[in-house]
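Scroll down for the structure; my scribbles are underneath it.
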């Protein structure tokens, strides 16, 4: 609940307006719930501003994100806000039984597409859902990710979600939230349910 | 990233299906970003299931939640998913310059409306946005909230957001996530920007 008063005013040669409109990199990490749901919540604000949104889903499951995907597609097609493009990476793999080679290749292809879109300034908000994993596993080079993000042109905001976000990324990002699990229904034997987990 | 395998199977006399479809109370608390955005992300899944959704906004600002409100209204009106009812509490107050008496009254009125809707089973998902504050401040009695939630009829899921969620609520809730701030742009002198903070 920001009160709008920064605690520091940096000597960076920028006006308040320039600083305010600086493109941002967000990281949602930690073992708790809400990393991706918060990223999609952020997409609602971007949509309301009429921004083109690119979602890159670095995860494959029949269930995951189906609600978010359908909602964002309906919003994108409504003509009342921004557009939404939804990219699914790694159609050939899943988290539960993953084929490492195929997963690695898919993640790299996804990242190559993100790089092309950043260079072309295709979107104004990028949701790189679960992208922390391929970095954590070494499938995508974190130093390269940081370098590409640092040099991206224009005003392009990027949200990266997933556990185990690499430290270089955390150091580079503008906003980092760690979602900690205090309590989860699975702790008391409850499995995921429709409408809640997907 | 739940793998679908609970670590405990409780001796509660319920089948897996009964336990799975148990109505849930979520709490998103902590000082980091993403508490409310994750709640609205959850609403996307509920919408996709065709559930009626009730949002109760226990906060007043010209800017806050405008993106989420417009997106959820468009979704609710699309006829392709669940319905969305958006209630704004406390029209007469704001966080920045708050009139305590008016805020307290508005919060109590809001809670009375929530109680009526829970009794009538009006919605299947309730987003009580920033409702932790009126409890923390003692405007609404936490013990009563827990009691009403415990006795609510049918299958009604409830998400409560806000810093300083009272311990009784945390103890009672099924799923609690603490959003911790690792880093925020305001730390480096950047103010909130359109499309990001609202």
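Protein chains in written order, with our numbering: chain A, 2 to 199; chain B, 2 to 199.
From the three backbone atoms N, C-alpha and C, an ideal C-beta is built for every residue, glycine too.
Contacts of residue i in chain A (Cβ-Cβ under 8 Å)
i, result
"residue 43 of chain B", "38 and 197"
"residue 184 of chain B", "171, 174, 175, 176 and 177"
Reduced DSSP secondary structure (H/G/I, E/B, other) of residue i
i, result
"residue 137 of chain A", "helix"
"residue 60 of chain B", "coil"
"residue 67 of chain A", "helix"
"residue 25 of chain A", "coil"
"residue 55 of chain A", "strand"
"residue 130 of chain B", "strand"
"residue 89 of chain B", "strand"
"residue 36 of chain B", "helix"
"residue 79 of chain A", "coil"
"residue 125 of chain A", "coil"
"residue 143 of chain B", "helix"
"residue 179 of chain A", "strand"
Any C-beta of chain B under 8 Å from that of residue i
i, result
"residue 174 of chain A", "yes"
"residue 180 of chain A", "yes"
"residue 106 of chain A", "no"
"residue 29 of chain A", "yes"
Inter-residue CB distance, residue i and residue j (contact presumed, cutoff 8 Å)
i, j, result
"residue 30 of chain A", "residue 133 of chain A", "6 Å"
"residue 58 of chain B", "residue 89 of chain B", "5 Å"
Closer than 8 Å to chain A by CB, residue i
i, result
"residue 69 of chain B", "yes"
"residue 22 of chain B", "yes"
"residue 148 of chain B", "no"
"residue 140 of chain B", "no"
"residue 81 of chain B", "yes"
"residue 25 of chain B", "yes"
"residue 35 of chain B", "yes"
Nearest neighbour of residue i, chosen from the options [CA to CA]
i, options, result
"residue 42 of chain B", "B:25, B:77 and B:73", "B:73"
"residue 130 of chain B", "B:32, B:105, B:38 and B:23", "B:38"
"residue 159 of chain A", "A:14, A:116 and A:142", "A:116"
"residue 46 of chain B", "B:85, B:185 and B:138", "B:85"
"residue 49 of chain B", "A:82, A:40 and A:75", "A:75"
"residue 172 of chain B", "B:16, B:12, B:14 and B:27", "B:27"
"residue 164 of chain A", "A:23, A:54 and A:36", "A:36"
"residue 170 of chain A", "A:53, A:34, A:70 and A:136", "A:136"
Cβ of residue i within 8 Å of any chain E Cβ
i, result
"residue 111 of chain A", "Of the protein chains in this structure, namely A and B, none is chain E."
Contact list for residue i against chain B, beta-carbon separation under 8 Å
i, result
"residue 89 of chain A", "Simply none; closest approach about 17 Å."
"residue 158 of chain A", "196 and 197"
Neighbouring residues, chain B, relative to residue i (Cβ below 7 Å)
i, result
"residue 76 of chain A", "72, 75 and 76"
Chain-ordered neighbours of residue i on chain A, where CB pairs are closer than 7 Å
i, result
"residue 52 of chain B", "196"
"residue 47 of chain B", "196"
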